[in-house]
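Student: Have a look at the structure that comes next, please.
Residue numbers (this note's numbering): 104 to 393.
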């Protein structure tokens, strides 16, 4: 297959699955049930400052690989009403082309006493640099998450609509289990572990954006002859990720490991099984009235 077909860098997957902006707060709140979060949502506002590093190992379709580490930072504010907003910036190092992207997001999240919660958000996105690191080429994204929490098991359905050079949908089904261990070294610290499994689906229009007319025609013909669908919504990958956070008072250090297995179709066009990690430092500001 041609080497100009896009893929999704690991930093993009890690940020989408684990972080900006509401997922950081969810991870910090893993020790609370949805009922407790429903009550807390009415009582206080909060903010999160986050800095993250990822190894971002890029697997090229030629079989070669390149390590391009990335630094991601974000600041997010959550009002007690459920409204939140945030800004995120990622910078890629070690590439010949200076590459960076940033996002501005706003949304609303609501917890219910029956264990359900939902999140609706809008993101404005800007990217500049090497297209191999870009993944989705989009300017705007609308995201809706429906989740259910029962006995520290967390189920989510995550739908995102991307508007850019092409219009694409992404849909993830996620299953997580939250574990909390209190008083590890001190009376006010804790360890949070939340292994997660996810199935990813989506449209593939974005894949062909960098191809010439002849390259696209050749690829689509090859996919058809091999029995794979194209320019449609289909299964993309299976993902396993493991975030482990240690928190003391308002400071949290998180190590997140991701392993992704592409579908047969995406494997056919050159995607590889990949693993990567992200190391993060988060500071949580609680604006509750004392």
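Beta carbons: idealized from backbone N, C-alpha and C, even for Gly.
(1) At the level of alpha carbons, what is the spacing between residue 310 and residue 268?
(2) What three-state label does DSSP hand residue 360 in the structure shown?
(3) Using 8 Å as the cut-off, can you tell me whether the region 335-346 makes contact with the region 296-316, which would need three or more C-beta pairs spanning the two stretches below that distance?
(4) Helix, strand or coil, according to DSSP, for residue 227 in the structure here?
(5) Alpha carbons only, please: which of 304, 352 and 152 is nearest the one belonging to residue 366?
(6) Would you check if there are 3 or more beta carbon pairs closer than 8 Å linking the region 280-294 to the region 320-336?
(7) According to DSSP, simplified to helix, strand and coil, what is residue 313?
(8) Determine the direct distance from the alpha carbon of residue 230 to that of residue 237, and round the result to whole angstroms.
(9) Specify the secondary structure class of residue 256 as computed by DSSP and reduced to three states.
(10) Do residue 173 and residue 193 have their CB atoms nearer than 7 Å?
(11) Going by DSSP, what residues sit across from residue 377 in a beta bridge?
(12) Between residue 291 and the rest of its own chain, which residues show a CB-CB distance below 7 Å, the 5 nearest in sequence each way excluded?
(13) What does DSSP give as the partner residues of residue 196 in its beta bridges?
(14) Would DSSP call residue 341 helix, strand or coil?
(15) Can you give the Cα-Cα distance for residue 227 and residue 188, rounded to whole angstroms?
(16) Round the Cβ separation of residue 225 and residue 208 to the nearest angstrom and send it over; I've been treating them as touching at under 8 Å.
(17) Since residue 364 and residue 384 are thought to touch, with beta carbons under 8 Å apart, how far apart are those beta carbons, to the nearest angstrom?
Tutor: Taking the geometry as given:
(1) 11 Å
(2) strand
(3) yes
(4) strand
(5) 304
(6) no
(7) coil
(8) 7 Å
(9) strand
(10) yes
(11) 363
(12) 351 and 352
(13) None, per the DSSP bridge assignment.
(14) strand
(15) 11 Å
(16) 7 Å
(17) Contact doesn't hold; Cβ gap of about 29 Å is too wide.
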